[in-house]
Amino acid sequence: MSRHQLLRIDASSRRDTSVSRALADRLIARLAADTAVTERDLADPILPFVDADWIAANVTAAEERTDAHREALALSESLIGEWEQADAVVIACPIYNFGVPAAMKAYIDLICRARRTFRYSPDGPIGLLADRPTYLVMASGGTRLGSPIDFASGYLRHVLSFIGITDVHVIAADGQSSDPQARHRAEAAIDDLTLPVRKVP
């Protein structure tokens, strides 16, 4: 039997002092028995923003793409491939200035591709990735998740749903600047998890 595959995505620019990274470490230690972990650190190396060449390649039909088109999309294909191979995903993301870090936005732009990870239909967009357990590990200083100034958690949920991922579980250490127990509650939530690491059949 093949080992389960877990994809870990980190968006924090910090390393040793990052709460989202520390919580992701704790979560993966709980989930990762008999599991191979692929790590995608968005802070190193910094991902490129989409540009005119990338857009031109993306809107060109696959059978008509040149070598230059395929080269422009190579990183995107690699990132999407990591999702396709994963049985579960852990996304560790802080909130910067009420939203996601720029590195996370760059990542999202590279994996959200018409006819590749979503398609449009008469009834609206349809995600093309197979659903799987996905954990959003979020940390913030002053922004409470679900508050009027939280433009991060709802955005991430929407993007995931847009590409087919609806089995989403949020673990939050939010509002830490005024709530010293926020991180402890997030740690307790991780310790209480019992969900398996596998795709939905």
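Quick note: to get my numbering, add 1 to the position in the sequence shown (first position is 1).
Just so it is clear, CB atoms sit at the ideal spot from N, CA and C, and this is done for glycine as well.
(request) May I have a chain-ordered list of the beta strand (DSSP E) segments no shorter than 3 residues that lie completely inside the stretch 31 to 70? (result) 36 to 42
(request) Mind reading off the beta-carbon distance from Val60 to Ile109? Whole number of angstroms is fine, and I expect it under 8 Å. (result) That pair is no contact at about 18 Å.
(request) Work out the CA separation of Gly143 and Thr53 for me, nearest whole Å. (result) For the sequence presented, residue 53 should be read as Ala rather than Thr. Near 36 Å, if we compare the C-alpha coordinates of Gly143 and Ala53.
(message) Am I right that Ala87 and Leu194 are in contact with their C-beta atoms under 8 Å? What's the rounded C-beta distance?
(response) Contact flag wrong, Cβ pair sits at about 17 Å.
(request) Kindly identify the DSSP beta-bridge partner or partners of Pro95. (result) Ala140
(message) Please classify Ser141 as buried or exposed, where buried requires at least 16 other C-beta atoms within 10 Å of its C-beta.
(response) buried
(message) Restricting to Cα atoms, I'd like to know which of Ile96, Thr167, Ala62 is closest to Gly128.
(response) Thr167
(request) Measure the alpha-carbon distance for Met105 versus Ala57 and round it to whole angstroms. (result) 22 Å
(request) Just tell me which of Pro181, Ser178, Val171, Asp180 has its CA closest to the CA of Ala25. (result) Val171
(message) Quick check: the Cα distance between Arg133 and Phe119, rounded to an integer number of angstroms?
(response) 16 Å
(request) Could you check the C-alpha separation between Met2 and Thr39 for me, to the nearest Å? (result) With a pLDDT of 41 at Met2, under the threshold of 50, the modelled position of that residue is not reliable, and the figure given next carries that caveat. Their Cα atoms are separated by approximately 19 Å.
(message) For Ala33, which residues in the same chain have their Cβ closer than 7 Å to its Cβ, ignoring the five residues on either side in sequence?
(response) Leu7
(request) Identify which residue in Ser179, Pro181, Leu146 has its Cα closest to the Cα of Cys94. (result) Leu146
(message) Report the start-end ranges of each beta strand (DSSP E) in the stretch 96 to 174 that is 3 residues or longer and not cut off at the edges.
(response) 119 to 122, 125 to 128, 135 to 140, 169 to 174
(request) Would you identify the three-state DSSP class for Gln177, choosing helix, strand or coil? (result) coil
(message) Whole angstroms are fine: how far does the CA of Arg41 sit from the CA of Pro49?
(response) 14 Å
(message) Quick check on this structure: which residue in Glu64, Val138, Leu28, Arg66 has the alpha carbon closest to the alpha carbon of Ala12?
(response) Val138
(request) Step through the CB atoms of chain B and report whether any lies within less than 7 Å of the CB of Val38. (result) In the structure shown, chain B cannot be found, because there is only a single protein chain.
(request) Could you tell me the boundaries of the beta strand (DSSP E) in which Arg9 lies? (result) 5 to 11
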